[in-house]
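Numbering (the working numbering), first residue to last: 4 to 283.
Note that CB positions come from ideal geometry on N, CA and C, so glycine has one too.
Working notes, structure below.
Laid out in structure tokens, this is it:
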């Protein structure tokens, strides 16, 4: 979740505990989206880029799926553990756009470019989509998987107003120049960048287990885990730094509301998790 413009600081924790949380999140997302890590119809890619690779769990998966491919993972944060890195993986630390502008990442060089959960880091989605398109070989595929911070009930009616913490995150992301609803805009960004055969699928990032949607079991457990709530509260404070939209007392109240919101949660409440893919 770290492929952003250098004018913004890193907005999430970094360390082994956060990597463990991200690995758990990965497995929950895979269950949510049908047991697949990616949806794009790939056929023997020779070079793959994972943007915002963080713990490297997707990078490693792609390297094992395509052992003859060269797989590059990019993130602002340095990898925590390289002991299990496949031989066909290279990690690059740095700002995505800077790596492109400096020629480290070359135009027309990749068969597949993947990114997931850039929602709190990507400050210019149209630029990102057009840059990714330039990096792709003709016929190459891009896939973006991301969250929209819109909260809905089981009837797909917006219920943001009932959760001040959700409204605060939306407000702060917008003030930072980020798109809090990018999970619903991915296909639009791809089409605007000239990609073709664009398809988008929408999944419910559930706050509690949805009995008629068994694929929400792990994501619901993850969403209400102490580790995930702690990271959300960390994000709230980090986003507010330098913006000053909320006083320290208001931040404290919002954190408390987030930690105690379980009593307001009903079955079917969910964010939108979007998966979009397209071809050059």
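Helix, strand or coil at residue i [DSSP, three-state]
{"i": "residue 67", "result": "helix"}
{"i": "residue 197", "result": "coil"}
{"i": "residue 93", "result": "strand"}
{"i": "residue 115", "result": "strand"}
{"i": "residue 146", "result": "strand"}
{"i": "residue 209", "result": "strand"}
{"i": "residue 100", "result": "helix"}
{"i": "residue 8", "result": "Residue placement at residue 8 cannot be trusted, given a pLDDT of 41 that sits under 50; the coordinates are not used to answer."}
{"i": "residue 26", "result": "helix"}
{"i": "residue 190", "result": "helix"}
{"i": "residue 279", "result": "strand"}
{"i": "residue 177", "result": "helix"}
{"i": "residue 33", "result": "helix"}
{"i": "residue 204", "result": "strand"}
{"i": "residue 268", "result": "coil"}
{"i": "residue 73", "result": "strand"}
{"i": "residue 54", "result": "strand"}
{"i": "residue 41", "result": "coil"}
{"i": "residue 79", "result": "coil"}
CB contact flag (residue i, residue j, <8 Å)
{"i": "residue 201", "j": "residue 279", "result": "yes"}
{"i": "residue 186", "j": "residue 127", "result": "no"}
{"i": "residue 169", "j": "residue 154", "result": "yes"}
{"i": "residue 50", "j": "residue 90", "result": "no"}
{"i": "residue 80", "j": "residue 47", "result": "no"}
{"i": "residue 212", "j": "residue 199", "result": "no"}
{"i": "residue 171", "j": "residue 257", "result": "yes"}
{"i": "residue 71", "j": "residue 166", "result": "no"}
{"i": "residue 121", "j": "residue 55", "result": "yes"}
{"i": "residue 65", "j": "residue 117", "result": "yes"}
{"i": "residue 76", "j": "residue 283", "result": "no"}
Inter-residue spacing [alpha-carbon to alpha-carbon] between residue i and residue j
{"i": "residue 189", "j": "residue 182", "result": "11 Å"}
{"i": "residue 277", "j": "residue 28", "result": "15 Å"}
{"i": "residue 156", "j": "residue 125", "result": "27 Å"}
{"i": "residue 42", "j": "residue 146", "result": "8 Å"}
{"i": "residue 239", "j": "residue 254", "result": "8 Å"}
{"i": "residue 222", "j": "residue 31", "result": "5 Å"}
{"i": "residue 261", "j": "residue 40", "result": "29 Å"}
{"i": "residue 192", "j": "residue 269", "result": "32 Å"}
{"i": "residue 209", "j": "residue 227", "result": "10 Å"}
{"i": "residue 244", "j": "residue 20", "result": "23 Å"}
{"i": "residue 8", "j": "residue 98", "result": "Note on residue 8: pLDDT 41, under 50, position unreliable in the model; the coordinate value appears next. Going by the C-alpha atoms only, they are around 7 Å apart."}
{"i": "residue 246", "j": "residue 178", "result": "8 Å"}
{"i": "residue 224", "j": "residue 83", "result": "25 Å"}
{"i": "residue 281", "j": "residue 44", "result": "10 Å"}
{"i": "residue 37", "j": "residue 241", "result": "33 Å"}
{"i": "residue 33", "j": "residue 74", "result": "20 Å"}
Among the options, the one whose alpha carbon lies nearest that of residue i
{"i": "residue 329", "options": "42, 33, 59, 257", "result": "In the structure displayed, the chain extends from 4 to 283; residue 329 sits before or after that span and is not available."}
{"i": "residue 138", "options": "111, 152, 163", "result": "111"}
{"i": "residue 100", "options": "78, 85, 94, 173", "result": "78"}
{"i": "residue 271", "options": "82, 207, 142, 98", "result": "207"}
{"i": "residue 174", "options": "215, 275, 123, 35", "result": "123"}
{"i": "residue 215", "options": "26, 22, 35", "result": "35"}
{"i": "residue 130", "options": "273, 194, 69", "result": "194"}
{"i": "residue 24", "options": "62, 68, 140, 231", "result": "231"}
{"i": "residue 94", "options": "163, 235, 252, 61", "result": "61"}
{"i": "residue 63", "options": "87, 233, 267", "result": "87"}
{"i": "residue 273", "options": "141, 205, 52, 252", "result": "205"}
Worksheet entry | Inside the stretch 214 to 257 only - alpha helix (DSSP H) runs reaching at least 4 residues | 220 to 226, 229 to 243
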